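For any residue, its number in my numbering is found by taking its place in the sequence shown, counting from 1, and adding 14.
Glycine included, C-beta positions come from ideal geometry on N, C-alpha and C.
Keep in mind that this is a model prediction, so the values were computed, not measured.
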Amino acid sequence: MARKTIEKFFSDLSGDEIDTPSPTVRFVFDGVGHEVDLTAAERETFEKAVAPYIAVGRRAGRAGSRATTSSGGPDAKAVRAWASENGLDVPARGRVPASIIEKYEAAH
Numbered sequence: 015m016a017r018k019t020i021e022k023f024f025s026d027l028s029g030d031e032i033d034t035p036s037p038t039v040r041f042v043f044d045g046v047g048h049e050v051d052l053t054a055a056e057r058e059t060f061e062k063a064v065a066p067y068i069a070v071g072r073r074a075g076r077a078g079s080r081a082t083t084s085s086g087g088p089d090a091k092a093v094r095a096w097a098s099e100n101g102l103d104v105p106a107r108g109r110v111p112a113s114i115i116e117k118y119e120a121a122h
């Protein structure tokens with residue numbers, strides 16, 4: 015028997031079905047990370063709304079996933095645990111490779 019799993023996304027704002035492959039918009043406001051799934055039109059509206067602030071703001075580093083440090087990046091301990099559970103080779107100490115962090119963020 016064949017099985018086909020279909021994953022559908024719906025806008026957190028309007029409830030409309032989303033047809034883009036990566037609808038999640040991540041942002042940090044007052045040090046708190048947020049995620050919201052938006053349609054293409056809603057994303058465009060969001061981008062236009064924050065564009066003036068981004069234009070004059072200073073870049074403060076990467077905003078991360080759910081398990082984050084005070085710097086906004088993912089917690090290295092959580093990334094290492096996830097990588098090990100998923101059979102990825104990750105050093106026990108030192109900086110976690112960016113490729114592993116990207117895979118971790120994509121999975122979360």
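Chain-order list of residues whose beta-carbon lies under 6 Å from that of residue i (same chain, five-residue window excluded)
i, result
"THR34", "ALA54"
"GLY71", "none"
Option nearest residue i by Cα separation, candidates the options
i, options, result
"GLU56", "PRO37, VAL42, PHE41", "PRO37"
"ALA121", "ALA97, ARG109, VAL110", "ALA97"
"ALA74", "PHE43, GLU99, PRO66, ALA90", "PHE43"
"ALA90", "ILE20, ILE115, VAL46, GLY45", "ILE115"
C-alpha distance - residue i paired with residue j, whole-angstrom precision
i, j, result
"ALA106", "ARG94", "7 Å"
"VAL64", "GLU58", "10 Å"
"ARG80", "GLU61", "Unreliable placement is indicated for ARG80, whose pLDDT of 49 sits below 50; no coordinate value is reported for it."
"PHE23", "ASP30", "9 Å"
"VAL104", "VAL39", "27 Å"
"GLY101", "ARG17", "25 Å"
"MET15", "GLU21", "20 Å"
"VAL110", "LYS117", "12 Å"
"GLY108", "SER28", "43 Å"
"ILE68", "ALA92", "30 Å"
"GLU99", "PRO66", "42 Å"
"THR19", "VAL46", "33 Å"
Opposing strand residues paired with residue i [DSSP bridges]
i, result
"GLU31", "PHE24"
Residues near residue i in its chain [Cβ-Cβ closer than 8 Å; skip 5 each side]
i, result
"ASP51", "PHE23, PHE24, SER25, ASP26, ILE32, PRO37, THR38, VAL39"
Write down every uninterrupted run of the alpha helix (DSSP H) in the segment 37 to 82 whose length is 4 residues or greater and which is fully enclosed by it, in chain order.
Secondary structure within the segment 37 to 82: the alpha helix (DSSP H) runs of 4 or more consecutive residues, fully enclosed, are 54 to 70 (chain order).
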